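Some notes on the structure that comes next.
Protein chains: 2
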Amino acid sequence: MTRKSADGGGGRSTIRDVAARAGVSAATVSRVLGGVYPVSATTRTRVLRAVRDLDYVADARAKAIAGVGTPTLGFVLDDITGPSFALMAHGVEREATRLGHLCLVCSTDGDAEHELAFIETMRAQRAAAVILVGGSADTPEYRARTGRVADALAAAGSRLVLCGRPPLDPGAPVSVVEYDNEGGAYALCAHVLSRGHRRILYLGGKPEHTTAQGRERGYLAAHRARGVEPDPVLRLAGDFTRDSGYRSMRRALEVGLEFTAVMAATDMVAAGALTALHEAGLAVPGDISLVGYDDIPFARDLHPALTTVHVPYEELGRLAVRTALEWGRKRGPEASDEHLLLGTHVVVRDSVGALVTSSAG
Amino acid sequence: MTRKSADGGGGRSTIRDVAARAGVSAATVSRVLGGVYPVSATTRTRVLRAVRDLDYVADARAKAIAGVGTPTLGFVLDDITGPSFALMAHGVEREATRLGHLCLVCSTDGDAEHELAFIETMRAQRAAAVILVGGSADTPEYRARTGRVADALAAAGSRLVLCGRPPLDPGAPVSVVEYDNEGGAYALCAHVLSRGHRRILYLGGKPEHTTAQGRERGYLAAHRARGVEPDPVLRLAGDFTRDSGYRSMRRALEVGLEFTAVMAATDMVAAGALTALHEAGLAVPGDISLVGYDDIPFARDLHPALTTVHVPYEELGRLAVRTALEWGRKRGPEASDEHLLLGTHVVVRDSVGALVTSSAG
DNA sequence: GTTCCGGGGGAAACCGGTTACTGAGGTGTT
DNA sequence: AACACCTCAGTAACCGGTTTCCCCCGGAAC
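So the protein sequences, as listed, match chains A and B. Here numbering that gives the first Met the number 0 is used: position 287 in the first sequence is 286, and no number is missing along the way. Here numbering that gives the first Met the number 0 is used: position 75 in the second sequence is 74, and no number is missing along the way.
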């Protein structure tokens, strides 16, 4: 018994098995399944019968190689566990399947090496596009290497999309869909400053991380626009996790830093910081004001509800795939490298109080 | 100029392009890249040179069809946005890539139709396994249909894995990796009862949802074990979102339900409920005690920190892929349908207080 | 100087599909 | 009755790889 088994439904059957069972050629089976080519009614039913009997499904890889496959799209993120990443991932996935694409996903845990490797895999998969979600370390080598894979992808007719990550060097064949990271931070910090605060503790991320950098820039710019020089002592590095916020806050309290407000780089960080503040017996916003960034769903369930910056993360993800796919369609003329910048807005809740100064300082 | 361009790096080149450029046959290129077959040093360098010049990467689909591809594994979840789903997804993804598999992902937003369609797509992709993550509506038709796709997958040498979802009818060729949903709820509820509470409001999920059912069973069983008959009025349906918790809690308060503690079906629901309680001026746990389920990272940042049930979600995801893949390996002998049940434990924080009754009730 | 051996590489078959080309058979027109 | 035309199905080439089979050629052994 060869592997060309004609058993009823048992095992992976090929189009030839179906053809044999229906007493026709493989081409005919393909045509019946494919749709448009004229096939007589009796043949069609015989073929469909065989297909059903064998529970046949055409091999998608073979179809793909023949040029009629479901297109695929790869996307990479740091860690699906982060709420804002999850939101973007959701947007990407929803829009991709809406447009009939499959999603290959990979998380890197911040490992640039791994990211590059995955992109290479996507190139091998002939993915229609690769979407890089979330910030990254921004070293010159990194930009150069990412630029190179962007070139490789472009040469293969694919496309690299940066989603929520700043552009590479100009000229790199990438599409960029990001939000106004710095502007959001600026507006948020301005809000805190407008309530009278002057010593605002900034709980940041990794110094080389682009998202952290953008938010810190906004923090600094808002200060300077008000004519207050931010104290460098008040800027703490960390990462974007809840635990980092908790630890940083505790340490700040222990070493006796002086501040009346805290601006956390993310809502997660803010959540950890809030817990540390509570544990220290400090009231928010009575004693200390606190703001976050991202407006994750949970932000409003913290106590007090967290004032933060809303970022249209899911929309960002959707736009990333739409951009990638549209680019692929109209490639011909002079497909300029798109760069979309979505707006953010601060959502004021209950976590920042007005600071009444005894005198006009 | 035909499409067989031999340009330097520009565009998708085939193995034949590389062969032509290196002045060898396609077979030789394949052998150089493949590894083991003896190839002379000079030929090897010539081929590698051509590969580099053309920036050639073998088409993964073609390799797959020839039987030497990177295996793929599909996984389906309700909504990546839910923290516990995200945790499982992370586990699945990490373990899959650790074992050298690619991940095709799809979220269904609870649409069973869509779930079935995706599984069919995975069958066409010849996925090594398909992992269904999270609960589902448990109707007889659903079990029957899922059983059928499980059969189809099994016939194709693939495998369906249910992760965090109860088994199908016995005999269905599926692997199950779940946690003790009911047991966790039982322990949690027992804890609340042990602090003196007798009227515990249960904020549940959709009645047909298996996860919701399991937790409710635990709630009921704990009551009965204590000899207290739970008041049906205290069981509210909803879904597993924060908003649902908020709304249900408000409504419960408005209609004047009497209770001294709240057991939310998930931490998300608990978070919404907590905010509603705060807004109503009720202290937790002073006036009302509150517990959740899932132990999502945020649970400890609520105020008060939430007592809840810890579920090893990430481990669950990892185990799901390991189970699936091991099954595929040892298929021969008498690959019994595995069923793993992971334990949970309640983590006591600050959200439930002791109820002092005026007299022994 | 033959024969034998084995290393290295090419031709061709194969994986599982699609599709351009070809041709058989039936119908309609003059 | 002859011819054109249309419908439908089969043959074969192709997609981009891998692998089997076979041959050629150089060196060692006799």
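Here a beta-carbon is modelled for each residue, glycine too, at the ideal position from N, C-alpha and C. Bear in mind that the values here come from a model prediction, so they are computed numbers and not experimental data.
message: Can you check whether the C-beta of Ile287 of chain A is within less than 9 Å of a C-beta belonging to chain B?
response: Here the question's residue 287 of chain A lines up with position 288 in the first sequence. For Ile287 of chain A, the answer is no, since every Cβ of chain B falls outside 9 Å of its Cβ.
task: Output the boundary residues of the beta strand (DSSP E) element that contains Gly73 of chain B.
output: Counting from one through the second sequence, the residue named residue 73 of chain B turns up at place 74. Counting along the chain, the beta strand (DSSP E) containing Gly73 of chain B begins and ends at 71 to 76.
- request: Report back the beta-carbon spacing between Arg241 of chain B and Ala270 of chain B to the nearest angstrom; my notes put them in contact at under 8 Å.
  value: Mapped onto the second sequence, residue 241 of chain B falls at position 242. Mapped onto the second sequence, residue 270 of chain B falls at position 271. Your pair Arg241 of chain B and Ala270 of chain B checks out as a contact, with CB atoms roughly 5 Å apart and the cut at 8 Å.
- request: Give the range of the alpha helix (DSSP H) segment to which Ser39 of chain A is assigned.
  value: The residue you call residue 39 of chain A lines up with position 40 of the first sequence. Boundaries for Ser39 of chain A: no alpha helix (DSSP H) harbours it, and the DSSP string shows neither H nor E there.
field: Per-residue DSSP class, three states only, for Val351 of chain B
entry: The residue given as residue 351 of chain B occupies position 352 in the second sequence. If DSSP states are grouped into helix, strand and coil, Val351 of chain B belongs with coil.
- prompt: Just checking my contact of Ala21 of chain B with Val56 of chain B at CB under 8 Å: how many whole Å lie between their CB atoms?
  reply: Here residue 21 of chain B corresponds to residue number 22 of the second sequence, with the count starting at 1. Here residue 56 of chain B corresponds to residue number 57 of the second sequence, with the count starting at 1. So it is not a contact: roughly 16 Å between Cβ atoms.
query: Hey, how far is the Cα of Leu301 of chain A from the Cα of Ile14 of chain A?
result: Along the first sequence, one-based indexing puts residue 301 of chain A at 302. Along the first sequence, one-based indexing puts residue 14 of chain A at 15. Leu301 of chain A and Ile14 of chain A have their alpha carbons spaced roughly 58 Å apart.
- request: Say whether chain A places a C-beta atom closer than 9 Å to the C-beta of Cys162 of chain B.
  value: What you label residue 162 of chain B is simply residue 163 of the second sequence in a count that begins at 1. The Cβ of Cys162 of chain B sits no closer than 9 Å to any Cβ of chain A.
field: chain A contact for Asp294 of chain B (CB, 9 Å cutoff)
entry: Indexing the second sequence from 1 puts residue 294 of chain B at position 295. It does not; no Cβ of chain A falls within 9 Å.
message: So, for Arg249 of chain A: in the same chain, excluding its five sequence neighbours on each side, which residues have a beta-carbon less than 6 Å away from its beta-carbon?
response: Within the first sequence, numbered from 1, the residue matching residue 249 of chain A stands at position 250. Spatial neighbours of Arg249 of chain A in its own chain (CB-CB distance under 6 Å, excluding positions within 5 residues in sequence) are listed in chain order as Ala275.
- prompt: Can you name, in chain order, every residue of its own chain whose Cβ lies under 7 Å from the Cβ of Ser12 of chain B, other than the five neighbours on each side?
  reply: Within the second sequence, the letter at position 13 stands for residue 12 of chain B. Correct list, in chain order: Leu53, Tyr55.
- prompt: Name the chain B residues whose beta carbon is nearer than 7 Å to that of Thr41 of chain A?
  reply: Start at 1 with the first residue of the first sequence, and residue 41 of chain A comes out as number 42. Simply none; closest approach about 27 Å.
task: Could you check the C-alpha separation between Glu177 of chain A and Tyr218 of chain B for me, to the nearest Å?
output: Counting from one through the first sequence, the residue named residue 177 of chain A turns up at place 178. Counting from one through the second sequence, the residue named residue 218 of chain B turns up at place 219. Rounded to whole angstroms, Glu177 of chain A to Tyr218 of chain B spans 46 Å at the Cα level.
message: Can you pull out the residues from the region 86 to 118 of chain A whose beta carbon lies closer than 9 Å to at least one beta carbon of chain B?
response: Listed by position along the chain: Leu86, Ala88, His89, Glu92, Arg93, Thr96, Leu101, Cys102, Leu103, Val104, Cys105, Ser106, Asp108, His113, Phe117.
- request: Give a yes or no on whether the minimum CB-CB distance between His277 of chain A and chain B is below 9 Å.
  value: Against the first sequence, residue 277 of chain A aligns to sequence position 278. The beta-carbon of His277 of chain A is placed less than 9 Å from the nearest beta-carbon of chain B.
task: Please list, in chain order, all residues of the same chain as Leu407 of chain A whose beta carbon is under 8 Å from its beta carbon, the five residues on each side excluded.
output: In this structure chain A extends from 0 to 360, so residue 407 of chain A is not present and cannot be described.
Residue environment, Thr27 of chain B, which counts as buried when at least 16 other CB atoms sit within 10 Å: Here residue 27 of chain B is taken as the residue at index 28 of the second sequence, counted from 1. Residue burial annotation: Thr27 of chain B is buried, with at least 16 other C-beta atoms found within 10 angstroms of its C-beta.
field: Near-chain B residues of the region 305 to 330 of chain A - C-beta to any C-beta below 9 Å
entry: Residues Glu313.
field: Chain-order list of residues whose beta-carbon lies under 6 Å from that of Pro165 of chain B (same chain, five-residue window excluded)
entry: Here residue 165 of chain B is taken as the residue at index 166 of the second sequence, counted from 1. Excluding positions up to five away in sequence, the list reads Thr209.
message: So if I threshold CB-CB distances at 7 Å, which residues from the region 257 to 271 of chain A count as touching chain B?
response: Those would be Ala270, Gly271, in chain order.
task: Could you check the C-alpha separation between Val355 of chain A and Arg246 of chain B for me, to the nearest Å?
output: What you label residue 355 of chain A is simply residue 356 of the first sequence in a count that begins at 1. What you label residue 246 of chain B is simply residue 247 of the second sequence in a count that begins at 1. Taking the straight line joining both Cα atoms gives about 37 Å.
message: Let me check one thing: in DSSP terms, what residues is Ala260 of chain A bridge-paired to?
response: Stepping through the first sequence from its first residue, residue 260 of chain A is reached at position 261. Ala260 of chain A pairs with A:Ile199, A:Ser288.
- request: Examine chain A for any beta-carbon lying closer than 9 Å to the beta-carbon of Asp300 of chain B, and answer yes or no.
  value: Against the second sequence, residue 300 of chain B aligns to sequence position 301. True, the Cβ-Cβ gap to chain A drops below 9 Å.
query: So Ser247 of chain B is in the alpha helix (DSSP H); what residue range does that whole segment cover?
result: If you number the second sequence from 1, residue 247 of chain B lands on position 248. That run of the alpha helix (DSSP H) goes 241 to 253.
field: Residues sharing a beta bridge with Glu177 of chain B, DSSP
entry: Mapped onto the second sequence, residue 177 of chain B falls at position 178. Residue pairing by DSSP places Glu177 of chain B opposite B:Leu340 in a beta bridge.
message: For Gly366 of chain B and Cys162 of chain B, what's the separation of their Cα atoms in angstroms?
response: Nothing about residue 366 of chain B can be read from this structure; chain B reaches only from 0 to 360.
query: Relative to chain A, which residues along the region 121 to 154 of chain B have a C-beta separation below 7 Å, given in chain order?
result: Legend: CB atoms of the region 121 to 154 of chain B lying less than 7 Å from CB atoms of chain A belong to residues Arg122, Ala123, Gln124, Arg125, Ala151, Ala154.
- request: List the DSSP bridge partners of Val28 of chain A.
  value: Reading the first sequence from its first residue, position 29 is the one you call residue 28 of chain A. BP columns for Val28 of chain A are empty, so no partner.
field: Cβ-based burial, Thr322 of chain A [other Cβ within 10 Å; buried from 16]
entry: The residue given as residue 322 of chain A occupies position 323 in the first sequence. Burial call: buried.
query: Can you find a C-beta in chain A that's less than 9 Å from the C-beta of Gly68 of chain B?
result: Reading the second sequence from its first residue, position 69 is the one you call residue 68 of chain B. Under the 9 Å criterion on CB atoms, Gly68 of chain B is classed as interfacial with respect to chain A.
field: Through-space distance from Pro70 of chain A to Thr372 of chain A, alpha-carbon basis
entry: Nothing about residue 372 of chain A can be reported from this structure: the residues present for chain A run from 0 to 360 only.
query: For Phe297 of chain A and chain B, any beta-carbon pair shorter than 9 Å?
result: Mapped onto the first sequence, residue 297 of chain A falls at position 298. Closer than 9 Å to some Cβ of chain B, the Cβ of Phe297 of chain A qualifies, so yes.
- request: Report the three-state DSSP secondary structure of His277 of chain A (helix, strand or coil).
  value: Against the first sequence, residue 277 of chain A aligns to sequence position 278. In this structure, His277 of chain A counts as helix in the three-state DSSP scheme.
query: When burial is assigned at 16 or more other CB atoms within 10 Å of the CB, is Tyr312 of chain A buried or exposed?
result: As a first step, residue 312 of chain A must be located in the first sequence, where it is residue number 313. By the Cβ-count criterion, Tyr312 of chain A is buried, with 16 or more other Cβ atoms from all chains shown falling within 10 Å of its own Cβ.
query: For Val367 of chain A, which of A:Leu233, A:Thr120, A:Pro284, A:Arg348 has the nearest alpha-carbon?
result: A question about residue 367 of chain A goes unanswered here, because the residues of chain A that appear run from 0 up to 360.
message: Three Cβ pairs or more, each shorter than 8 Å: is that satisfied between the region 86 to 105 of chain A and the region 148 to 162 of chain B?
response: Judged by Cβ distances under 8 Å, the region 86 to 105 of chain A makes no contact with the region 148 to 162 of chain B, as fewer than three pairs qualify.
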